[in-house]
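Engineer: So for the sequence shown, my numbering puts the first residue at -16; every next one is plus one. For glycine and all other residues, C-beta sits at the position ideal for the given N, C-alpha and C.
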Amino acid sequence: MKPKLRRRLRAVGRRLRELRMVAKGLLSTSHPIQVHIIPMRRCNLSCTYCNEYDDFSDPVSLEEMYRRVDKLAELGTGLITISGGETLLHPQLDDIIARIRKHGMLSGLITNGYLLTAKRIQQLNDAGLDHLQISIDNVMPDEVSKKSLKVLDKKLQLLREQADFHVNINSVIGAGVKDQWDAVTIGKRAVELGFSSTVGIIHDGTGQLRPLDDKAQAVFTEMKKLGKKGYARLNSFQDNIALGKPNNWRCRAGARYLYVCEDGLVHYCSQQRGYPGIPLAEYTVNDVRREFLTQKSCAPNCTISCVHQTSLVDFWRAPQKLESHTVFRAPAHSPQDPLWQRRSKRTPLIPHYYSFYYSFKIIWIPPAELWDFETRKPKRLLVKCQGMSAAGPSGQFGDQSICECSASLLECHHGRENFLLVLHD
Ligand code: SF4
Ligand code: SF4
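(1) Locate the alpha helix (DSSP H) running through Pro(-14), then write down its first and last residues.
(2) In the DSSP assignment, what residue or residues form a beta bridge with Val182?
(3) Does the beta-carbon of Ala282, which I'm using as the reference point, lie nearer than 7 Å to any heavy atom of ligand 2?
(4) Drop a sphere of 10 angstroms on the beta-carbon of Met48, count the other beta-carbons inside from all chains shown, and report buried for 16 or more, exposed for fewer.
(5) In its own chain, which residues sit with a C-beta less than 6 Å from the C-beta of Gln17, not counting the 5 before and 5 after it?
(6) Could you pull the start and end residues of the beta strand (DSSP E) that Leu176 belongs to?
(7) Ligand 2 and Lys279: does the residue's C-beta get closer than 7 Å to at least one heavy atom of that ligand?
(8) Between which two residues does the beta strand (DSSP E) holding Ser90 run?
(9) How about Asp165 and Val122: do their beta carbons lie closer than 8 Å?
(10) Is it true that the CB of Ile65 sits closer than 8 Å to the CB of Ile119?
(11) Does at least one heavy atom of ligand 1 sit under 7 Å from the Cβ of Cys26?
(12) Between Met23 and Thr60, which are expected to be in contact by the criterion C-beta below 8 Å, what is the C-beta distance as a whole number of angstroms?
(13) Just to confirm before moving on: does the CB-CB distance between Ala282 and Cys234 stay below 8 Å?
(14) Beta-carbon separation of Val202 and Ile156 under 8 Å?
(15) Report the three-state DSSP secondary structure of Leu112 (helix, strand or coil).
(16) To the nearest angstrom, how far is the alpha carbon of Ile104 from that of Glu57?
(17) Mind checking whether the beta-carbon of Ala301 lies closer than 7 Å to any heavy atom of ligand 2?
(18) When you compare only the Cα positions, how much space is there between Pro74 and Leu45?
(19) Run the proximity test for Lys(-13): is its beta-carbon closer than 7 Å to any non-hydrogen atom belonging to ligand 1?
(20) Are Arg(-7) and Asp109 closer than 8 Å when you measure CB to CB?
(21) Please classify Lys130: is it buried, with 16 or more other beta-carbons within 10 angstroms of its beta-carbon, or exposed?
(22) My parser needs the beta strand (DSSP E) runs of 3 or more residues fully inside the region 16 to 56; what are they?
(23) Using only the alpha-carbon positions, how far apart do Arg25 and Gly159 sit?
(24) Which same chain residues, not among the five before or five after Glu126, have their C-beta less than 6 Å away from its C-beta?
(25) Taking the alpha-carbon positions, what's the Lys7 to Leu107 distance?
(26) In this structure, how does DSSP classify Thr168 when only helix, strand and coil are distinguished?
(27) Flag this pair as yes or no: are the beta carbons of Leu142 and Val134 separated by less than 8 Å?
(28) Quick check on Ile65: does DSSP put it in helix, strand or coil?
(29) What separation, rounded to the nearest whole angstrom, lies between the Cα atoms of Met(-16) and Arg(-3)?
(30) I believe Ser288 touches Gly183 by the beta-carbon criterion, under 8 Å. Please report the beta-carbon distance rounded to the nearest angstrom.
(31) Helix, strand or coil for Ile117 per DSSP?
(32) Ligand 2 heavy atoms versus the CB of Val290: any closer than 7 Å?
(33) Would Tyr32 and Gly67 qualify as a contact pair, given that the criterion is a beta-carbon distance under 8 Å?
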């Protein structure tokens, strides 16, 4: 079959499956529509605005990924997007995609594109990939990001020639790259190559809004003009974010959208890890129903547009009456569990103004004897963060700092290069 005809047929099939997913979402509220799943936290790059990667972790085993994909199919998921870290570093990525498709779900992939070759694109075609997103941040690589058009343009041309799947190019405004206007150049190039183009707006380490400066606002306005050509997908949610205004919406994270981390825990989203922090293997329709009705206190200033888009299907129904972030699951780990002590080889070095991004978060579940069931907090635990570097980026911390634990999330905002977390009572 001629490549053009094959692509057209696949696009029609994909569109039909997307329509089916939307119809199913309208008919029932008891299943996830979109799930981001992380088979690989390691990345081959180190963008300074990113808090979603490390440089040492191993891939999740294929058997475990199969179990997670099967479980998501059982929950009725419509679309699984594989994210990271850098997804193409996972040695059995194609098998994971094929498993998703075998269940009839749509499959998506987010990559920095560095490892794409003609052969790799063909393998992704064969696995049945539906959507691929590449993030490009600047025209020339700089100290903030190496995801530049200069490096990736050849990969984009390969994709145009070889890919049977839909390709979207995303760029982030406000990330601190040298020339913010680069986002427009990238958007125009995406349109020229026949891809769709989206723009993300930088958030802080909890997914919350960071106001755009005047130049970034101008870039955003220009991207909207590209949108009129029907390729750049911007919406009123992002309009408000760009203007620094809160949005009035119901975040259905934990229900219609799930973020499944490399440890197999379900979180609201990449920036609200720890809530609800329940193992996917134990996640049930009841969890989905509860989270559907749970208000998210972070919603007004949230910038996570994929969750917003997924939640749109339910904007007209089911007001959320349950209080935010109150989910508690019986403790499951003993003090011997490796989750109690974890050493990071490296967190990115960062300029002061980005220090919030280099916070470290670790998911842990305190054992019952250390848990206060009334306050829903650990009884007497603080965690000592022993930094190996002299000071955090703000320069105000010594060699050791005490970090607070709350619920199942431990956060360290000290931006250490190396650190060891030990429980301390
Ligand atoms: S933004 Fe993507 S490419 Fe950059 S460090 Fe994070 S995961 Fe890696
Ligand atoms: S509103 Fe929802 S998507 Fe946004 S940060 Fe909160 S939990 Fe995440």
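Structural biologist: Let me lay it out:
(1) On the sequence shown, residue -14 is found 3 positions in, with the first residue counted as 1. Per DSSP, the unbroken alpha helix (DSSP H) holding Pro(-14) starts and ends at Pro(-14) to Leu10.
(2) Within the sequence shown, the letter at position 199 stands for residue 182. Answer is Ser154, bridged to Val182.
(3) Position 299 of the sequence shown, counted from the first residue, corresponds to residue 282. True, at least one ligand heavy atom lies under 7 Å from that Cβ.
(4) Within the sequence shown, residue 48 is the residue found at index 65, counting from 1. That one is buried.
(5) Within the sequence shown, residue 17 is the residue found at index 34, counting from 1. Result list for Gln17: Leu62, Tyr240 and Thr293, in chain order.
(6) The sequence position of residue 176 within the sequence shown is 193, counting from 1. Leu176 -> no beta strand (DSSP E), and no H or E assigned at all.
(7) Position 296 of the sequence shown, counted from the start, is the residue given in the question as residue 279. Ligand 2 approaches Lys279 closely enough that one of its heavy atoms is under 7 Å from the residue's Cβ.
(8) As a first step, residue 90 is located in the sequence shown; it is residue number 107 there, counting from the start. From DSSP, the beta strand (DSSP E) with Ser90 extends over Leu89 to Thr94.
(9) Walking along the sequence shown from the start, residue 165 turns up at place 182. Walking along the sequence shown from the start, residue 122 turns up at place 139. For Asp165 and Val122, yes; Cβs fall inside 8 Å.
(10) Here the question's residue 119 lines up with position 136 in the sequence shown. Here the question's residue 65 lines up with position 82 in the sequence shown. No, the Cβ-Cβ distance between Ile119 and Ile65 is not below 8 Å.
(11) Looking up residue 26 in the sequence shown gives position 43. Yes, Cβ of Cys26 sits closer than 7 Å to a heavy atom of ligand 1.
(12) The residue you call residue 23 lines up with position 40 of the sequence shown. The residue you call residue 60 lines up with position 77 of the sequence shown. In this structure, Met23 and Thr60 do not form a Cβ contact; the two beta carbons are roughly 20 Å apart against a cut-off of 8 Å.
(13) One-based indexing of the sequence shown puts residue 282 at position 299. One-based indexing of the sequence shown puts residue 234 at position 251. The Cβ atoms of Ala282 and Cys234 sit closer than 8 Å to each other.
(14) Taking the sequence shown and counting its residues from 1, one reaches residue 202 at position 219. Taking the sequence shown and counting its residues from 1, one reaches residue 156 at position 173. Yes.
(15) Indexing the sequence shown from 1 puts residue 112 at position 129. In the structure shown, Leu112 sits in coil (DSSP, three-state: anything other than H, G, I, E or B).
(16) One-based indexing of the sequence shown puts residue 104 at position 121. One-based indexing of the sequence shown puts residue 57 at position 74. The C-alpha of Glu57 is placed about 29 Å away from the C-alpha of Ile104.
(17) In the sequence shown, counting from the first residue as 1, residue 301 sits at position 318. For ligand 2, not one heavy atom lies less than 7 Å from the Cβ of Ala301.
(18) Against the sequence shown, residue 74 aligns to sequence position 91. Against the sequence shown, residue 45 aligns to sequence position 62. Each residue's Cα considered, the two are about 9 Å apart.
(19) On the sequence shown, position 4 is the one that residue -13 refers to. For ligand 1, not one heavy atom lies less than 7 Å from the Cβ of Lys(-13).
(20) Taking the first residue of the sequence shown as position 1, residue -7 is located at position 10. Taking the first residue of the sequence shown as position 1, residue 109 is located at position 126. Taking C-beta atoms as the reference points, Arg(-7) and Asp109 fail to come closer than 8 Å.
(21) Here residue 130 refers to the residue found at position 147 when the sequence shown is read from its first residue. Classified as buried, Lys130 has 16 or more neighbouring CB atoms from the shown chains inside 10 Å of its CB.
(22) As far as the region 16 to 56 is concerned, its whole beta strand (DSSP E) runs of at least 3 residues are 17 to 20.
(23) Residue numbering aside, residue 25 sits at position 42 when the sequence shown is read from its first letter. Residue numbering aside, residue 159 sits at position 176 when the sequence shown is read from its first letter. CA-CA distance, Arg25 to Gly159, rounds to 23 Å.
(24) Within the sequence shown, the letter at position 143 stands for residue 126. The same chain holds no residue with a CB closer than 6 Å to that of Glu126 once the five nearest residues on each side in sequence are set aside.
(25) As a working note, residue 7 is residue 24 in the sequence shown. As a working note, residue 107 is residue 124 in the sequence shown. Roughly 27 Å between the two C-alpha positions.
(26) Translated into the one-based positions of the sequence shown, residue 168 becomes position 185. Looking at Thr168 - three-state DSSP - the assignment turns out to be helix.
(27) Locating residue 142 in the sequence shown gives position 159, where the first residue counts as 1. Locating residue 134 in the sequence shown gives position 151, where the first residue counts as 1. Going by C-beta atoms, Leu142 is not nearer than 8 Å to Val134.
(28) Numbered from its first residue, the sequence shown carries residue 65 at position 82. When secondary structure is reduced to three states using DSSP, Ile65 falls in the strand class.
(29) The count along the sequence shown starts at 1 and reaches residue -16 at position 1. The count along the sequence shown starts at 1 and reaches residue -3 at position 14. Distance between the alpha carbons of Met(-16) and Arg(-3): 18 Å.
(30) In the sequence shown, the residue the question calls residue 288 occupies position 305. In the sequence shown, the residue the question calls residue 183 occupies position 200. Taking 8 Å as the upper bound for CB-CB distance, Ser288 and Gly183 are in contact here, some 7 Å apart.
(31) Taking the first residue of the sequence shown as 1, we reach residue 117 at position 134. Residue state, collapsed to three classes: strand.
(32) Your numbering for residue 290 matches position 307 in the sequence shown. True, at least one ligand heavy atom lies under 7 Å from that Cβ.
(33) As a working note, residue 32 is residue 49 in the sequence shown. As a working note, residue 67 is residue 84 in the sequence shown. Inclusion of Tyr32 and Gly67 in the CB contact set at 8 Å is not warranted, their separation being larger than that value.
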